[in-house]
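Worksheet for the structure shown next.
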Amino acid sequence: MKTQNYAIIDIGSNTMRLVIYEKTKSNRLKEIENVKASSRLRTFLEEDNTLNQAGIDRLIDTLKSFQEVLATYTLQDTICAATAAIRQAVNKKEIETQIVQKTGLNIRILSEEEEAYYGYLAVVHSTSLKEGITVDIGGGSTEVTYFENRELKDSHSFPFGALTLKDFFKKSIPTTEELTTLRQYLREQFATLPWLKDREVKLVAIGGSARNLAQIHQNLESYPLAGLHEYQMFQKDIIEVSSYLTSLKPSKLAKVEGLSKDRADIIIPAIEVFHCLYQTIQAESLILSRKGLRDGVLYEHLAKESDSSLYPNVLEESIQELVNDYDLDRKHIRHVQNLTEQVFDFCKENGLIQLDKQDRKLLKMASFLFNLGEYIDSESSPQHTFYLLANRTIDGLEHRERVKLALVASFKNKTVFNQFIQPYKSWFLKDERRKLLELGSLLKFTYCLDATRRQIVDRIDFKLKKKNILIRVYTKANAMPEEYQAEKQKKHLEKAIGKDVELEFIADSQM
1 MKTQNYAIID IGSNTMRLVI YEKTKSNRLK EIENVKASSR LRTFLEEDNT
51 LNQAGIDRLI DTLKSFQEVL ATYTLQDTIC AATAAIRQAV NKKEIETQIV
101 QKTGLNIRIL SEEEEAYYGY LAVVHSTSLK EGITVDIGGG STEVTYFENR
151 ELKDSHSFPF GALTLKDFFK KSIPTTEELT TLRQYLREQF ATLPWLKDRE
201 VKLVAIGGSA RNLAQIHQNL ESYPLAGLHE YQMFQKDIIE VSSYLTSLKP
251 SKLAKVEGLS KDRADIIIPA IEVFHCLYQT IQAESLILSR KGLRDGVLYE
301 HLAKESDSSL YPNVLEESIQ ELVNDYDLDR KHIRHVQNLT EQVFDFCKEN
351 GLIQLDKQDR KLLKMASFLF NLGEYIDSES SPQHTFYLLA NRTIDGLEHR
401 ERVKLALVAS FKNKTVFNQF IQPYKSWFLK DERRKLLELG SLLKFTYCLD
451 ATRRQIVDRI DFKLKKKNIL IRVYTKANAM PEEYQAEKQK KHLEKAIGKD
501 VELEFIADSQ M
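The sequence shown maps to residues 1 to 511 in full-length UniProt numbering.
Take a look at the structure:
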């Protein structure tokens, strides 16, 4: 299939960004180019809200530099979207005319409602959350939405952003009085929307300031995982970052690990927005979304182009993308999943392992990806499997769930399992760790029953005895490799269920 590339230019009040995406075989969007420019267009707005010529020139010069990058790609489409700085400019028609004359680009100026909607759309396209509040802080506006059952219920755009809020401070490090004044202002603003109060749902933060907040916190905590998408923080974490930043000397602020230099003077007011909103809605936690407005614009565009659903099963599509990326054997996966379901049901029904529907869901996911590290090197497959799954963004999975998937899908033995889980041990209770070990043991055993990937095991049945379990494996042909591997690896299953396992392989000719 011919590669399809799409470009989107996001003209923000603080930064401008060009992102180029490749449409994958599984119809997901993969970012292949990301170019950022700190334009600060908001600062070129005069008192009467006219964007002055110096601002227009900077905008056009940035667009021309983006066009040089665009020229190196064959693109299906290029979308150019502008937000608050252009929307609020009284001379927006003149700006559009100059852009067309000097670059040939047509820009789409998003309304407040559209800007909020696209942020929401990006979140439901990249997470599995059914309900939540989204917040996107730009340079000149802040958008909030509430969604329930993945449908947009309420939205609003506030006429303040990180650039305008920094005017509350005389210097980059605020005084206690300045912080108190800003917090009071934000509380009053959020109180104008009754649908925000005491929602008690997750707060999903979008945009560059949110990314910087998460990056700073990860560095402060020496966080062991890679990736920002669906990183989770709590109120104490937001306070920790805020207290750390406000304790610094101005000269030290721009050197903070995880903080972009061009956001050093606006990060503190942005964090106050997150914190005040967190308190207003009594949030469960704050979740970072790396996908935002430009992703939402493109999702809508592609849905219209292909006449497909705007509300996909995010996690299912992410798993299928991994299957495609690592060229995994789908017949083998389906066969092992069937065998795994049979062993899972037997263990659950007989109380050999305490299992529930969430365990079934995790085991099914892991069975898609078991030992995918063979793609890199068969000898060290478990290590590669764990690293790839733990450190790759998987839309629809928060970081803790990603580690659980990585632990089950990479299972080799208890020793290796304990090595992998060590940096994350505090994330899981003792019972959870044992359950993950049991699920990994079960999956490793069922994979042995298709060791040669011939799908020759027809069915299995079980006989529960006092001291052991007899597992009869009915095969379509000689299954010597499967029998050898199953006998070798059954010890892991035996430890998980607390009983000896007796295997009996029966070929069709014996039946």
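Virtual Cβ for every residue (Gly too), placed ideally from N, Cα, C.
Can you check DSSP and say which residues form a bridge with residue i?
i	result
K36	R17
H156	V144
G132	F147
F462	I471
F505	V473
Y6	Y21 and D77
L45	L51
R108	A81
M233	L286
K30	E22
V205	A small correction: the amino acid at residue 205 is Ala; Val does not occupy that position in the sequence shown. According to DSSP, A205 bridges with V135 and L288.
Going straight from the alpha carbon of residue i to that of residue j, what length do you get?
i	j	result
I460	E487	15 Å
L29	T15	22 Å
Q455	T446	12 Å
M511	F505	Caution is warranted here: a pLDDT of 46 is assigned to M511, below 50, making its placement in the model unreliable, and no coordinate value can be reported.
P159	A406	43 Å
F462	F417	28 Å
K261	N371	41 Å
Q342	V204	39 Å
F344	L41	58 Å
K412	F420	11 Å
A393	A71	Going by the sequence as given, residue 393 is Thr instead of Ala. Distance between the alpha carbons of T393 and A71: 29 Å.
V297	R187	30 Å
residue 515	S111	This structure cannot speak to residue 515, because the chain is shown only from 1 to 511.
E374	H384	8 Å
E31	Y21	4 Å
G227	L220	15 Å
Q67	A162	28 Å
D198	Y117	22 Å
M233	L129	16 Å
N468	A409	27 Å
E230	K404	15 Å
Can you tell me whether residue i is buried or exposed? The criterion is at least 16 other CB atoms within 10 Å of its CB, across all chains shown.
i	result
A477	exposed
E143	buried
V123	buried
Y484	exposed
A496	buried
S13	buried
G139	buried
K430	exposed
Does the Cβ-Cβ distance between residue i and residue j come in under 9 Å?
i	j	result
L302	A81	no
D325	H125	no
H335	V457	yes
I206	I238	no
L245	I319	no
L105	I8	no
K23	N5	yes
E482	A507	no
A85	T50	no
S209	R263	yes
K361	Q337	no
H492	S426	no
Throw me the rounded Cβ distance for the residue i and residue j pair, which I believe falls under 8 Å.
i	j	result
L369	L389	6 Å
I133	K102	Rounded, the Cβ-Cβ distance is 40 Å, inconsistent with contact.
T83	S39	Contact doesn't hold; Cβ gap of about 12 Å is too wide.
E316	E200	Actually they are not in contact, since the Cβ atoms of E316 and E200 sit about 28 Å apart, beyond 8 Å.
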